[in-house]
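Colleague: I am attaching a structure below and will ask some questions about it afterwards.
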Amino acid sequence: MEDWIPRDGDILTTNEGFIFYVFGYEHPPDRIFSFLKYIPSDYAGLFPIRYLERKWNLAGKRLFRAEELYTARNYQILIETLRRDFPGYVHLCPFRMKEVITTPLNSIKEVYVPRDQL
């Protein structure tokens, strides 16, 4: 991971088992702009959103995905829940002047780069 340059569409798994997708090409020094796409079953109850009926599994962990990923309402719920329960994943962006979802570098367990995985 030391030579990894984060790019839009890369996939990150975290120590908690969250799966984030990298968003964009420029990032703060200690974190990655990202979007929470899959939530492990251990934490799904913390996020008051509707999930797809289909479930996914990765390394023996059951994962849930929001029914509507990119709505303003769901994004707000994700921010609120992360701020409350996982505050390291929320960052006040000085350029946007608002809170955004990010993945701290020290929380990344594994990186999947689509061009390398194919």
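Add 117 to a position in the sequence shown, counting from 1, and you land on the number used in my numbering.
Quick reminder that beta carbons are idealized off the backbone N, C-alpha and C, glycines included.
1) Please report the straight-line C-alpha distance between LYS215 and LEU209, rounded to a whole angstrom.
2) Rounded to the nearest angstrom, how far is the Cβ of ARG124 from that of TYR142, given a contact under 8 Å?
3) Suppose you measure from the CA of PRO221 to the CA of ILE128; what does that come to, to the nearest Å?
4) Considering only residues of the same chain and omitting the five flanking positions on each side of ASP147, which have a CB-CB separation below 6 Å?
5) With DSSP run on the structure shown, which of helix, strand or coil describes LEU163?
6) Have a look at VAL217, GLU170 and LEU195 and flag the residue whose alpha-carbon is nearest the alpha-carbon of TYR160.
7) Would you mind giving the Cβ-Cβ distance between LYS172 and PHE164, rounded to the nearest angstrom? I have them listed as a contact below 8 Å.
8) With 16 as the cutoff for other CB atoms within 10 Å, does SER151 come out buried or exposed?
9) In three-state DSSP terms, what is ILE122?
10) Between the C-alpha atoms of ILE149 and LYS178, what's the straight-line distance to the nearest angstrom?
11) Going by the CB atoms, is the gap between ILE225 and THR131 shorter than 8 Å?
12) Does the distance from the CB of LYS154 to the CB of PHE137 come in under 8 Å?
Modeller: Taking the coordinates as given:
1) As a position in the sequence shown, residue 215 is number 98, starting the count at 1. As a position in the sequence shown, residue 209 is number 92, starting the count at 1. Near 5 Å, if we compare the C-alpha coordinates of LEU209 and LYS215.
2) Indexing the sequence shown from 1 puts residue 124 at position 7. Indexing the sequence shown from 1 puts residue 142 at position 25. Confirmed, about 6 Å.
3) As a working note, residue 221 is residue 104 in the sequence shown. As a working note, residue 128 is residue 11 in the sequence shown. Between PRO221 and ILE128, the C-alpha separation is close to 14 Å.
4) Position 30 of the sequence shown holds residue 147. Taken in chain order, the residues that qualify are LEU222.
5) The residue you call residue 163 lines up with position 46 of the sequence shown. The answer is coil: DSSP assigns LEU163 none of H, G, I, E or B.
6) Your numbering for residue 160 matches position 43 in the sequence shown. Ranked by Cα distance from TYR160, the first of VAL217, GLU170 and LEU195 is LEU195.
7) In the sequence shown, the residue the question calls residue 172 occupies position 55. In the sequence shown, the residue the question calls residue 164 occupies position 47. At roughly 15 Å, the Cβ-Cβ gap does not stay under 8 Å, so LYS172 and PHE164 are not in contact.
8) Taking the first residue of the sequence shown as position 1, residue 151 is located at position 34. Burial call: buried.
9) As a first step, residue 122 must be located in the sequence shown, where it is residue number 5. In this structure, ILE122 counts as coil in the three-state DSSP scheme.
10) Counted from its first residue, the sequence shown places residue 149 at position 32. Counted from its first residue, the sequence shown places residue 178 at position 61. Taking the straight line joining both Cα atoms gives about 23 Å.
11) As a working note, residue 131 is residue 14 in the sequence shown. As a working note, residue 225 is residue 108 in the sequence shown. Cβ distance < 8 Å, so THR131 and ILE225 count as in contact.
12) Translated into positions along the sequence shown, residue 154 becomes position 37. Translated into positions along the sequence shown, residue 137 becomes position 20. Going by beta carbons, LYS154 and PHE137 fall inside the 8 Å limit.
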